[in-house]
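Data first, discussion second: the structure below is written as structure tokens.
Residue numbers (my numbering): 122 to 1307.
So, in structure tokens, the structure goes:
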């Protein structure tokens, strides 16, 4: 507003109200000069502010003179005088005290500038910004510094620091401090808060200004809801809380900032805390995104209902809120309607069929070369989605290769570790699993590591509370004393059982079979189980540990254990280059139609069988499905197609998290498959497979329990998730019927009250109306609205109608809402009891049915693979001698994956090991890119496929039973563990040599490539000779190398131990001085031995990819470099160096032969410096008498 034109003499200007209190040493600046007041005649006169009271209000300005010549222009000029123009001081401009600003320039001294900025902040707020997003960001940064749970250090912004440096001696400050600052967004009180925090007088003041917004950080006042939120955050540290507030889900404090970053949602200040919100119906989507980012997420719900709380004594207190759900990547269970996408999100495409597990790791030092060299490790792994629990205890070396193998098989999404682990174990976990904050596996450290006695007591107490201890199982004494348990924890489970003695027998004599299983766990595994139980109790998933059918040992004598290197090098679960499932063995074999079938197939592939009888059973089943002679077998594909994930649904029912819709889906699906086959028709099945018959019988056994529980629920209401009307039998849960009766009584009273309303309105046809969720409204025409009783409550209105609630309707509706909420609570409890009773009594039968369906699905998948062209059934040779290698005889074997993915036909090869006419060892040499690695990978994959029960891509296969397959291929270093490429090579080789048995298959590819030629040759020769020296205990071995000197071992040990093979090739160009066609020099002497492939000379190379007897003469590395596209100049230089080295080698070889010849023929001692040719000439020239 422009200043007034006329003013009486002595009237103070508006700017005089903003001057500081007068002091003896006041500074005369432009801001303290007399203001120029323009009169109506256009002349200016000066008025000193000191001539009148600085606090006297100005007189009312006179009305503008519309008859003036320039009223509009003068108004604009007066408005322009009040514009604020920021002052930009140059570096050479210094305003000293007492120096007045020049006329026409708006300069201020530093003190005046500070006063002006302080007033601006006081008027507009310290965080004022034109852009609302910038203002919100400033408020967020300020409120984050007040968050008591923020992990970052409190940051002080530049604006706040500037406020604290200014002391305003203005009476307006006192007025602001004396007012009631009830709103946290009041900018004046925010300024007062910042200014009072810097002055002792303001801190000692007892004025009302010390309210919520005007307090310091330590004295900040929170609302009851905020106090409740802070208490929840303090009770659950490290958990990202999603809190239900009314009909919204909110994050608060630092959680809001994290959610804003991870979910890309808005974070804004709300009173004293930062806030972010998500829609209620998208809770599961946002929770999955947060746990995939490595966070631990908790959901806090209101456990009180609106109507019941309104009728209670605590109607005016905040709703009671508790943590009702807790989630991490390993404990998240998808519902049946969603696909199991957790694996894809956490580990990429290569993990889609692997359920993520929770693993607990416990270790104990065994000594060795140091305290951290050899350790005993106990693990327990839980797959929450399926209910499987795997335990193991093993001894591991410094490289922790055994731990790496188990991590590769179990694929944990979360790991529980004790407070301190040995450095090698920490390195392996960090290297393999990464960090949850970086998208890797979440690693949670327990507060303490219990000893065996503490873990034993905790486990016994847990199972006693679950009612699983025997009737006479009152003894809770540990099977061993404290010292004995501590000592035995560092040994294997067998030694631990021996040290227990009779104490263990007495502790187990009164236990149930399930408790006997628990007490027989290895000591370190039992400690890990105690940690798993303690961790799962926070997630309400501890019931998974109460089912004996879920427990299984990782180590088994009837299965083959594939280590992590074999899984990676043979590309069992994912490819080595792209780390995806496509192109791996599991991708080839997975033709399953159900999710539980895919999970079971992974277990079969990772743990091939070593029992011939079980293998023959599987092969018989696959062959019968392939032939399809029985009608039962022909109906199986359609039966399995379209089934939901019954295994996951059964697990959700066990945890009490299933919905009525999921319950109906599981029961209806099981009812469909169990009705397909009848037990009385077993004689007509004619499956020709005992394995299929047994699983069909298991499926039919689930018919009775499924129908019994299916008949107790209303399918229509179950599909609608309507729990109150889910059970049609009123006698099943009487409390439900009581709540329904109460609701019916209230509704009857409402209908009776409607008759009274009709009499009052004199409308016999009046009915209740429901609008926007509000029921029992009485609609009255607008013209008659004044005639209704005054006690009626007006609810809403339109142009034609007005809606009311009578006092009786209000009372009855409140009563009905209370009964409805009671009904909902009783329905939830009844549904949980119904599901719990079903799982308690029929879980084993339902689980067996689901497992049988999974087995049939896997067999159908293997039968589909067997139907591929060129596949045949393997023949297994039984061998009672476990101290000798097993026979392998394969004709026309092909790589199962390459022949599918490659557009070129695969060249088959024949291979025999440990037969009557072949040796257990093969030394394979040949060209680079010649197909050596492809051949040995084919051999390894065929052995694994045969022992999981699959047909093979070959013409015929006669195989013995291998107990392990070891494959060491490729070259890589390990930076995180500080190991070079060669160190990784020899370390993996050492692990193989320690673990192999006579019934193993060992594949070593180019051992020694990571060091110098001579050192690598020595290491390769030493390893190969060590294997050959094992005698009859030598395993089947295929050794790939470019060290052709190793070919001499065939002559040394004989063909019954090792044979030389190479990959065949041909040269397509003549050996005379010609080039490759692109100017490259000729290769001279590529084949230096007679009878070699190509016979001499050099030229263009063509690979045949066929195995041939004999040692190769060249690796053709330069030719491979040419194919890779190296520049011509580099290839020319390499060829010249190659020729020189070959000539030097040939010269040395001739010299050696000549020396031997002279020594043998003439018994002539030759000095190393003599020329053999000259010596021969000298001997020829000698007389015969000499």
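Ideal Cβ placement from N, Cα and C applies to all residues, glycine included. Since we're looking at a predicted model, the values are computed, not measured.
Per DSSP, residue 402 lies in no beta strand (DSSP E) segment and is marked neither H nor E. Burial state of residue 939 is buried, judged by a 10 Å Cβ sphere holding 16 or more other Cβ atoms. Bounds of the beta strand (DSSP E) holding residue 509 are 509 to 517. Nearest in C-alpha terms to residue 1046, of all of 1040, 1063, 1057, is 1057. For residue 485, the enclosing beta strand (DSSP E) has its first and last residue at 478 to 488. Per DSSP, the unbroken beta strand (DSSP E) holding residue 372 starts and ends at 369 to 373.
Fully enclosed alpha helix (DSSP H) runs of no fewer than 4 residues occupy 811 to 822 of the segment 782 to 828, in order along the chain. Sorting 497, 408, 986, 686 by C-alpha distance to the C-alpha of residue 525 places 686 at the top. Here residue 483 has 499, 645, 648, 649 as same chain residues with Cβ atoms under 6 angstroms from its own Cβ, once five neighbours each way along the sequence are excluded. Three or more Cβ pairs closer than 8 angstroms define a contact, and the segment 759 to 773 meets that threshold against the segment 711 to 728. The beta carbon of residue 952 lies closer than 6 angstroms to those of 844 in the same chain, with the five residues before and after it left out.
When rounded, the separation of the alpha-carbon atoms in residue 893 and residue 838 is 24 angstroms. Taking one beta carbon from each stretch, the segment 1010 to 1023 and the segment 1105 to 1120 have fewer than 3 pairs nearer than 8 angstroms; the two do not touch. In this structure, the beta-carbon distance from residue 1128 to residue 1157 does not fall below 8 angstroms. Residues 679 of the same chain have their beta carbon placed closer than 7 angstroms to that of residue 732, with the five preceding and five following residues left out of the count. In this structure, residue 1005 lies near residue 1153, with their beta-carbon atoms less than 8 angstroms apart. Taking a contact to require three or more Cβ pairs closer than 8 angstroms, the segment 962 to 971 and the segment 698 to 710 do not qualify as touching.
Collapsing the DSSP output to three states places residue 635 in a helix. For the 8 angstroms CB-CB criterion, residue 722 and residue 730 do not form a contact. Distance check between residue 931 and each of 1271, 871, 833 places 871 closest, using alpha-carbon atoms only.
Counting along the chain, residue 1083 sits inside no alpha helix (DSSP H), nor does DSSP assign it H or E at all. Around the CB of residue 954, fewer than 16 other CB atoms lie within 10 Å, so the residue is classed as exposed. Using a Cβ distance threshold of 8 angstroms, residue 775 and residue 964 count as a contacting pair.
In the three-state DSSP reduction, residue 1254 falls in the helix class (H, G or I). Annotation: the continuous beta strand (DSSP E) that includes residue 922 extends over 922 to 926. Comparing alpha-carbon positions, the option among 1050, 944, 1024 lying closest to residue 1243 turns out to be 1050. For residue 508, the closest alpha carbon among the candidates 412, 669, 404, 405 is that of 669.
No Cβ-Cβ contact shorter than 8 angstroms links residue 495 with residue 535. Spanning the alpha carbons of residue 517 and residue 341 requires a straight line of approximately 56 angstroms.
Residue 443: member of the beta strand (DSSP E) spanning 442 to 448, first to last residue.
The three-state reading of DSSP puts residue 641 in coil, since its state is none of H, G, I, E or B. Residue 400 and residue 980 have their C-alpha atoms spaced approximately 44 angstroms apart. The C-alpha of residue 584 lies about 7 angstroms from the C-alpha of residue 667.
In the same chain as residue 372, and ignoring 5 residues on each side of it, the C-beta atoms closer than 6 angstroms to its own belong to 380, 397, in chain order. Looking at the backbone, the Cα of residue 1171 and that of residue 1079 are separated by about 25 angstroms. Residue 533 holds the alpha-carbon nearest to the alpha-carbon of residue 555 among 533, 539, 576, 567.
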